[in-house]
Structures are given as C-alpha cells and as structure tokens.
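Protein chains in written order, with the numbering used here: chain W, 1 to 310; chain B, 1001 to 1263.
Glycine is no exception: its CB is placed at the ideal position from the N, C-alpha and C atoms.
The model shown is predicted, which means the values in this text are computed figures rather than measured ones.
Have a look at the structure below, then the notes.
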Amino acid sequence: MNPDEILKFLRLTYTALSDGALLALIALALVLIYKATDVINFANGEFMLVGGYIGYQLLVWLQVIESPSVAVLLAVIGMVVATTLVGVLVERLVLRPLIGEPIISVIMVTIGLSNVMQAIVGLIWGKNPRPLPIDIIPRFSPFRIELEGARRPLNLLPDTLIILVIAFILVGGLLLFFSRSKHGIAMRATADDQQAAMSMGISIRFIFALTWSLAAIAAAVAGLIIAHVTNGVSGDIPGVGLRAFPVIILGGLDSIAGAIIGGFAIAFIETFASGYIDPGLKTVSPYLVLLIVLMIKPYGLFGQKRIERV
Amino acid sequence: MLSLNNIEVIYNDVILVLKGLSLQVEQGSIVALLGANGAGKSTTLKSISGLLRPENGEVTDGTILYEGKPIQNREPSEIVRAGIFQVMEGRRVFEHLTVEENLRAGGYTADDGGAAQRMKLVYDYFPRLAERRQQVAGFLSGGEQQMLAIGRALMAQPRLMMLDEPSLGLAPMLVQNIFQIIKRINEEQGMTILLVEQNANIALSIAHYAYIMENGRVVLEGKPQDLRENADVREFYLGLTEVGNRKSYREVKHYKRRKRWLS
C-alpha cells in the first residue's frame, strides 16, 4: 500500500474520532431531553452558542489570574453553573407553561426559543467572531508520523485526543448517573410513565428542570470545545448543532448508546466520504446512509421499541 | 387515620364524578371499596393521592383528613412523603427499567440508608422478583408485574397503601396468592390498606370493613360478614342466587328501588 495513502487514512480516522466525540456529546443533549420530555429541542445549537459565549466572557474576566489553568478551571465551573441556571430558567419560563399542550406546540416553541437566544447573544456580544483570550486546552506541539516513501509527514494535534477524553468522561459520567443514582433512575422512570412516576412521589417539575440543565451543560461544553477548535466564538456554533440531528435519528431518538455510536458513525461517514470520494459529499453523505438505515430499522439503530408481551 | 367527608370531584370543570362521598379508614385495617365500572372508585383513590390534577380533576367540596390534617388538592409528591402510596390500576411498572431499578424508583422518597433492607423485605414477600431482579420489567408476566407494583409501594414504606384493582387481568390462583400477601403485609408490617376491587368476593375475604359505591356515592357499608348476608350484595356483587329459584324482574326492581332510596 502506498505510504501516502496510509497516512491519509490515519489522518481521516484521527479527525473522525474527535469529531465523533463532539457529535456524540451534542447528540446526548438532544437525547436527554427527548427521553425525559418527548420534545425534540431545536434550540440545542443555541444552548451551545450561549454556553460558548458565557465561557468566553468568563475567560475574558478571569484572564487576569496568573495561572491560565486555574483561570480555565474557574471559567468552566462558572460556565456549568451559569448554563444550569439557563436550563432551569428556560424550563421554568418557556416550557412549564406548556405542560399538557400537544408535543408539536412545544417543539415549535423550541424553534422560537432558538431565534430568541440567537438574538440575545447578538445583542450582547455582537456579530463578529471573537477569539478565546486563553486557550482552554493547551496548544501542545503536534506529534509527527513519518513513513518511508511518503511525500509529507503527518502532523497530528494532541488537542484532538484531549477532546476525546473530555467527551468520554462526560458521557461516561452521565451513563453512570442514569444507571446508579436515584435521580438518574427517577429520570428514566419519568420517561417511561409520567403518571406512574408521580405516584412514586417523583416531582416531574424537578426532573424536567434537571433534564434541561444537564442537556444545557452538555451543549455548553460542546460549544466551548467548538470555540477552541475553530479559534473563537462566533454565530456559526449552532450550525454544528444541526449535524447532531442525523446522529440521533440514526442512533434512535431515545437511546444514549445510540447517540454515542451514532455520533462516531456519522463522523466517520462524513470524513471518509469527503476524503475519499468528494469533499462535496460531507453534508449529504450522513443523510444517504440514514435513509438506508431507516428503511431497515425504523426506530434507528438502538431506538426503544415498544415492549409488547405476548 | 384517613377520613373523606362529603367530597365532590369534578373533571374538566363540568363532569361531576364524586357526589358527596364519605368514608373512614381506621389505622391498621384493610378497607375495601367495591363497586361496578364507573362508580368512581379509582377517582376516590386519586383524589386522596393527588393524582387527579394531571387528569384535570379537582376536589371541589368536602375535606380529606389524614391524621387530622386536610390534604385535598396537594401535590402527589407531598402526599407520598406524608406516607400515602397509591398502587395504580393496571400495574404501571416502568417497562424499560429492570426490576431492581423499578424498586429503587419506588423508594425515591424514602431515605437511602434503609434501601437495601427494604429491598430484602420486598424479595422476602415476593421471591419471584428476587430471581428476576436484573430483568427488564416489561417482559415480566402480569402476576410478576403486579408483585413489582406492590413491591415498589413497600419500598416507600408508606403508612397507608392504596391498591387499585390488584386482581385485574390475573388468573384466579394468582389473585389468591396476591391477596394472601396483601393480608400478610397488613398483619406483619401493620400497614393500613385501602383496597379498590371489582372482585368483591376476594376483597371481602381479607377486608375488615367495606364500602360499596354506585354513581359517585357510597350506597352500602359494613363489616364483610354483614355485607355477605345482605341479599342485594349477594346477588349483584357476589353472583349468588338462591339455587333453583327463577330470577324475577320484581327483585331487580326491588334492588333499584332500594338503590334510589339509599342514594
């Protein structure tokens, strides 16, 4: 095999891995909300936007701190707290009044919400992209892979690996939360049968607020990572969020495992289709594969089927 | 322990379902609430547990006193924390959760410290559940799901357990089995039980006191042995007639008259 080809394959795989981790994180935010409330949150991209900008603003304020790692840590903690509040606020002011209304109305409201959130971000921070004042992930020098006979060596950025690790920790933490903790189980119980959950003394309002906060945090972290990768916060962040829709449909709207596997699958399909066939295929290819998968598995790869006892 | 005084329940602001219902539940007893479809039995339970609200129902008149304090129209989570737990009709297990996770969801309001001990208690009453603890609840049989639904209630350690038709859709053998366990829970845990049933026979076999409802009101009440001897109850709820005698329409009329008189 041609050494150049091997390096190209490695490069594409490496890109797809970090991209996949990011997509999985974004998709997870969508799945969380869908599972608990049956709502597809079209404002997910805007939660990423708001989270990214809050992170940016905190970094600007905190850059006076001498040690950059302390500043980043504080900024991330601050961002998590702030986005939790945003999540609670949105649930309380926008979604709670809609409890009992048809799901489609709630979904339409999330579309409206996305516009409002974009407008608010535009009002506060303007339209121009702004670079992050401190790097949230230190810029290590790339590691180099040289192959005999290859025209150029391959340079891989270590950031990618770090993003992968961050995504894994977050997703793993959420999975543990769902399977072990009392509130995680209560969230899944609520998703299964709301009224029965109420009869256990589970407060549906609390669970909904918790869900929206967790989803907002996941989205905000994703937003900040995108800001790092694209060298700054800008109005383009929600566009990345849109790429998560084929992910959740492929993986199954209500499956956490589906979000993770779907995220990587879509990232690999996009990267390889654009790398090997035609760059123009990047946006289209996931939908083509999606179409075929849905013909065979209408609930998505891991979607919950209705359990029927015979 | 619990007393409902002349309560009225209205759904969607127009439909009057309970029309001045009163009943008493003594501490430590099993009280059965019997009646035909649509009599308002489930509504009665929901008015106590607070589950009326999500269905757009409301207690508009009368009082529900639990240990002397009014609890009508409270949030279900408050009611559960106060010690009243309703096992809903149709079992309503969380289908995609395992048996153990279902039980943990049941113990949501109880403190975490005693969770392991309470789970052991549930498995003692229902050894079948212990065998299937890692199984997804949706695939359990109907009887096992009913056991799980009662097990979930035990996890919350309520002082008053309300059961809505535990016999629904189960084979007669299983019904016997479940009712024996309900009786044991009452005796061994000292748990007060309010039981809604269509199967009057089995309910009367374990109850200490019973109410019979029709059209949103209590029409008859008494000790099970007294009710069993009542001719109307024998005929209409227990399906017993004097063998060999033809049924006559006059008797049915008599019953209707009596109903009108009572209500």
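Scanning Met1001(B), Phe1094(B), Tyr1125(B) for the CA closest to the CA of Ile1185(B) turns up Tyr1125(B).
Inter-residue distance for Asp1061(B) and Gly1138(B) is about 39 Å (C-alpha atoms, whole angstroms).
DSSP places Phe1236(B) within a helical segment (H, G or I) once states are collapsed to three. From the listed residues Gln1145(B), Leu1170(B), Ile1212(B), the smallest Cα separation to Phe1236(B) is found for Ile1212(B). It is roughly 11 Å from the alpha-carbon of Val1218(B) to the alpha-carbon of Gln1024(B). Under DSSP, Arg1217(B) shares a beta bridge with Glu1214(B).
For Ile1193(B), the pairing in a beta bridge is given by DSSP as Ile1030(B), Met1161(B). Apart from sequence neighbours up to five positions away, the residues of its chain that approach Leu1170(B) with a beta-carbon distance below 8 Å are Gly1142, Gly1143, Gln1146, Ile1178, ordered along the chain. With respect to the 8 Å criterion, Leu1174(B) and Gly1083(B) are not classified as neighbours on the basis of their beta carbons. Within chain W, Gln195, Ala196, Ser199 have C-beta atoms less than 8 Å from the C-beta of Met1088(B), given in sequence order.
Within 9 Å of the CB of Gly1114(B), no CB atom of chain W is found; the nearest one sits about 13 Å away. Distances from the alpha-carbon of Ala71(W) to those of Gly87(W), Ile134(W), Ser179(W), Pro286(W) put Ile134(W) closest.
Interface criterion not met: the Cβ of Pro1166(B) is under 8 Å from no Cβ in chain W.
Annotated three-state conformation of Ile1064(B) is strand, per DSSP. Straight through space, the alpha carbons of Pro131(W) and Pro68(W) are spaced by roughly 16 Å.
For Thr283(W) and Gly52(W), the gap between their C-alpha atoms comes out near 24 Å. For a Cβ distance threshold of 7 Å, residue set Met200 of chain W lies close to Gly1106(B), ordered along the chain.
DSSP places Glu1101(B) within a helical segment (H, G or I) once states are collapsed to three. Classified as exposed, Val165(W) has fewer than 16 neighbouring CB atoms from the shown chains inside 10 Å of its CB. Taking 4 residues as the minimum length, the alpha helix (DSSP H) runs contained wholly in the stretch 219-300 of chain W are 237-242, 244-251, 256-272, 285-296, in order along the chain. In the structure shown, the three-state DSSP call for Val80(W) is helix. Thr1192(B) has a beta carbon lying at 8 Å or more from every beta carbon in chain W. For Tyr1125(B), the enclosing alpha helix (DSSP H) covers residues 1115-1125. The three-state secondary structure of Leu161(W), taken from DSSP, is helix. If you ignore the 5 residues before and after Met198(W), its C-beta comes within less than 8 Å of the C-beta of Ile204, all in its own chain and listed in chain order.
In the DSSP assignment, Ser1042(B) falls within the unbroken alpha helix (DSSP H) covering 1041-1049. Distance between Leu49(W) and Tyr34(W), taken at the CA atoms: about 20 Å. The CB of Ser203(W) comes closer than 8 Å to the CB of Glu1075, Ser1077 in chain B, given here in chain order. With fewer than three CB-CB distances shorter than 8 Å, the stretch 1098-1107 of chain B does not count as touching the stretch 205-222 of chain W. Proximity of Lys127(W) to chain B, defined by a Cβ-Cβ separation below 8 Å, is not satisfied. The beta carbon of Pro246(W) is closer than 7 Å to those of Ile266, Pro286, Tyr287, Leu290 in its chain, skipping five residues each way along the sequence. With fewer than three CB-CB distances shorter than 8 Å, the stretch 1224-1232 of chain B does not count as touching the stretch 1048-1060 of chain B. For Ala1156(B), the closest Cβ of chain W is nearer than 8 Å.
Put simply, the CB of Lys297(W) is far from chain B, with every gap to its CB atoms at 8 Å or more.
Cβ neighbours of Ser105(W) within its own chain (closer than 8 Å, five residues either side excluded): Leu98.
The CB of Thr1044(B) never comes closer than 7 Å to any CB in chain W; the least such distance is about 15 Å.
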